[in-house]
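K.L.:
Numbering (the numbering used here), first residue to last: 79 to 766.
(1) Using 8 Å as the cut-off, can you tell me whether the region 354 to 366 makes contact with the region 446 to 465, which would need three or more C-beta pairs spanning the two stretches below that distance?
(2) Using only alpha-carbon positions, find the residue among 369, 374, 306 and 305 that is nearest to residue 336.
(3) Decide if residue 451 is buried, meaning its Cβ has at least 16 other Cβ atoms within 10 Å, or exposed.
(4) For residue 550 and residue 538, what's the separation of their Cα atoms in angstroms?
(5) Here's a check: name, in chain order, each residue in its chain whose Cβ is nearer than 8 Å to the Cβ of residue 758, leaving out the five neighbours to either side.
(6) Expressed to the nearest angstrom, what Euclidean distance is found between the alpha-carbon atoms of residue 404 and residue 396?
(7) When you compare the CB positions of residue 387 and residue 465, do they come within less than 9 Å of one another, or not?
(8) Mark residue 239 as exposed unless 16 or more other C-beta atoms lie within 10 angstroms of its C-beta, in which case mark it buried.
(9) Less than 9 Å between the beta carbons of residue 348 and residue 441, yes or no?
(10) Would you kindly report the start and end of the unbroken alpha helix (DSSP H) that includes residue 153?
(11) Can you find the residues in the same chain that come closer than 8 Å, C-beta to C-beta, to residue 752, ignoring five residues on each side of it along the sequence?
(12) Assign residue 247 to one of two classes, buried (16 or more other C-beta atoms within 10 Å of its C-beta) or exposed (fewer than that).
(13) Could you tell me the boundaries of the alpha helix (DSSP H) in which residue 341 lies?
(14) Can you check which of these residues, 695, 619, 607 and 689, is closest to residue 647 by C-alpha distance?
(15) Just to confirm my understanding: we take residue 640, look at its own chain, exclude 5 residues before and 5 after, and list those with CB closer than 6 Å. What are they?
(16) Give me the Cα-Cα distance between residue 169 and residue 201, rounded to the nearest whole angstrom.
(17) Using beta-carbon positions only, say whether residue 258 and residue 252 come within less than 9 Å of one another.
(18) For residue 650, which three-state DSSP category applies?
(19) What is the rounded straight-line gap between the Cα of residue 636 and the Cα of residue 706?
(20) In whole angstroms, give me the CA-to-CA distance for residue 101 and residue 269.
(21) What does a CB cutoff of less than 6 Å around residue 272 pick up in its chain, not counting 5 residues either side in sequence?
(22) How should residue 417 be labelled, buried or exposed, when 16 other C-beta atoms within 10 angstroms of its C-beta is the threshold for buried?
(23) Would you mind working out which of 263, 290 and 744 sits nearest residue 638, comparing C-alpha positions?
(24) Going by C-alpha distance, which of 659, 244 and 106 is nearest residue 122?
(25) Is the beta carbon of residue 383 less than 9 Å from the beta carbon of residue 338?
(26) Assuming residue 572 and residue 623 form a contact by the criterion Cβ under 8 Å, report the distance between their Cβ atoms to the nearest whole angstrom.
(27) So for residue 144, helix, strand or coil by DSSP?
(28) Grouping DSSP H, G and I as helix and E and B as strand, with all else coil, what is residue 572?
(29) Quick check on residue 471: does DSSP put it in helix, strand or coil?
(30) Between the C-alpha atoms of residue 111 and residue 161, what's the straight-line distance to the nearest angstrom?
(31) Using CA atoms only, rank isn't needed, just tell me which of 119, 606 and 149 is closest to residue 235.
(32) Count the other CB atoms, across all protein chains shown, that sit within 10 Å of the CB of residue 198; report buried if there are 16 or more and exposed otherwise.
(33) Can you grab the Cα-Cα spacing for the pair residue 770 / residue 697, in whole Å?
(34) How long is the line joining the alpha carbons of residue 369 and residue 106, rounded to whole angstroms?
(35) Terminal residues of the continuous alpha helix (DSSP H) containing residue 431?
(36) Report the three-state DSSP secondary structure of residue 322 (helix, strand or coil).
Written out as structure tokens, the structure reads:
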């Protein structure tokens, strides 16, 4: 970019003009300089700018909701073109890669609701992003929130239908050169704010999006080293308010939350980023409300800041089920719930909950860094929501409608979910209504029928469903029939005849729906098959193999070695003649699933089954080492090495063993050829 153009744009951005006016004049300057142009581009050429909406980029549920409304009303080219702006992807390879990765992360978190990244895209949207994301998802046949294909929304239309023409050929975009953003990184945010404010169809910024936007702007202002923290805050707030967010009245509280409780580290606010990502999980964006936000931020607890618990309160509110939402505002929690935290009655439980969440946070960060999906995010979010609902005694009001006993149970559940283990679904979901009679038109004759009248007054009664009654303690019944004579419930107890109760229509409210199942006996054949010798035969075999491995490890490992750190390696402690050093693998045996093949795994065979030996990893911190097993310390080399992998067969157990085919000298580095991994049999198959 030429110096004159750069100075002209900088002057406009620093001016006191309205945001829309500034952006319009910037576009004129860039167009005159050949750095901005209009051109028709297909939607498949678009990705979302990583700075869009403060780094949230795009909310898939909102994109789908807005997109469906547009399709139903009819897509209009002139409206799309008036609000579609994008930047060229960076010409710098590293920066362009980060732009691809940011979009891939958003697509992965959307779990099929957004189009996949093909890496053939060339532009990054800053205005019209949700529209482009929805139409691109439609083109690629992404799934809707209910699991159906978005492609069905446009199927059956004529090829020249306006929708198909737009999807096929695209529409005109205002395109900004990548060199402009290289000179003015903040320009993408300015364009997004200006266009989303100017067009009435723009999605309203939620409080979480405002917090993320403020955090992003605050960090951008840090680049100006001459500004104080207070000046950076004021500058970021001023730019945020230019977009006229619905929460402008209490934007100061949002900024206070970011700075005090957002976990600011370096150039990031990790707790704010967590809320931004978590807000996309459970559906379209919803507002938290002024009173609730102020209560979360302003509530003071003596001697504690409670950043994790405050984050959990906001996360919990974001998961409000449908029946706990009013006019786009979440009502699962009330301002008084946040204010309860300062009460003496909850002081100990508040501290315990904060400690529980604080200990879980680093585990989440570690898992998230390694995961290729959003499961760790969901696990941490669920822990926060469950902990808050337990603390406030509102567990039945949440989406799960499930009551947990204590924080220890929540932590154990979090650990399982973090490791990807399936957790049994909750007994009821707060997002769905309980099963009840369907509404239907009634005739005058039916209105006079006592059975119909009884059903209308007892919506919880459904034929075939389960019920309990206080007069029949611990007994589960099914409703089998209902007529003018009464309702018939049948229940079964072990070793007793079936019990049938004919209940008067006036007493039906005493029967309560239950999720409990009827008692029954296990079939003898099933019980026999599940006895330990049969059901646990594989585990018993693994334990026998494990026992033999450690026994023979102790009896048949020959020679000792010297362990060294930095790098981790082993050396001969003396001179060994050929085949006199034998190093057995030590570690826990793991059964392989059917058809599973672990590349490079060390396998032992026992009674026709293969088990993988889980290595005891080398470590340079000997004080913290759980054990030193020389087998795993052999230095990998591209040369032939002085250790070879052979196998030993003892007592039905076949074990890979490292040995020396030639004499070893004292203090000689023990090396294994890098390709000599796995069992000898496995390597032989590879060679074949």
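Glycine included, every Cβ here is placed at the ideal spot set by N, Cα and C.
P.N.:
In brief:
(1) yes
(2) Checked all of 369, 374, 306 and 305; the closest Cα to residue 336 is 374.
(3) exposed
(4) Cα to Cα, the separation comes out at about 19 Å.
(5) Any reading at residue 758 must be qualified, since the residue scores a pLDDT of 46, below 50, and its modelled position is unreliable; the value itself is stated next. Once the five neighbours on either side are set aside, the close Cβ partners of residue 758 are 723, 724, 725 and 734.
(6) 13 Å
(7) yes
(8) exposed
(9) no
(10) Neither: residue 153 is in no alpha helix (DSSP H) and is coded neither H nor E.
(11) 714, 715 and 716
(12) exposed
(13) That residue, residue 341, is in no alpha helix (DSSP H); it is neither H nor E in DSSP.
(14) Of the listed residues, the one whose Cα sits closest to residue 647 is 695.
(15) 649 and 651
(16) 11 Å
(17) No, the pair does not count as a contact, with Cβ atoms beyond the cut-off.
(18) strand
(19) 15 Å
(20) Their Cα atoms are separated by approximately 7 Å.
(21) 97, 98 and 101
(22) exposed
(23) 744
(24) 244
(25) yes
(26) Contact flag wrong, Cβ pair sits at about 41 Å.
(27) helix
(28) coil
(29) coil
(30) Computed Cα separation, rounded: 22 Å.
(31) 149
(32) exposed
(33) Any property of residue 770 remains undetermined from this structure, which presents the chain solely from 79 to 766.
(34) 43 Å
(35) 425 to 448
(36) Here residue 322 sits in coil by DSSP.
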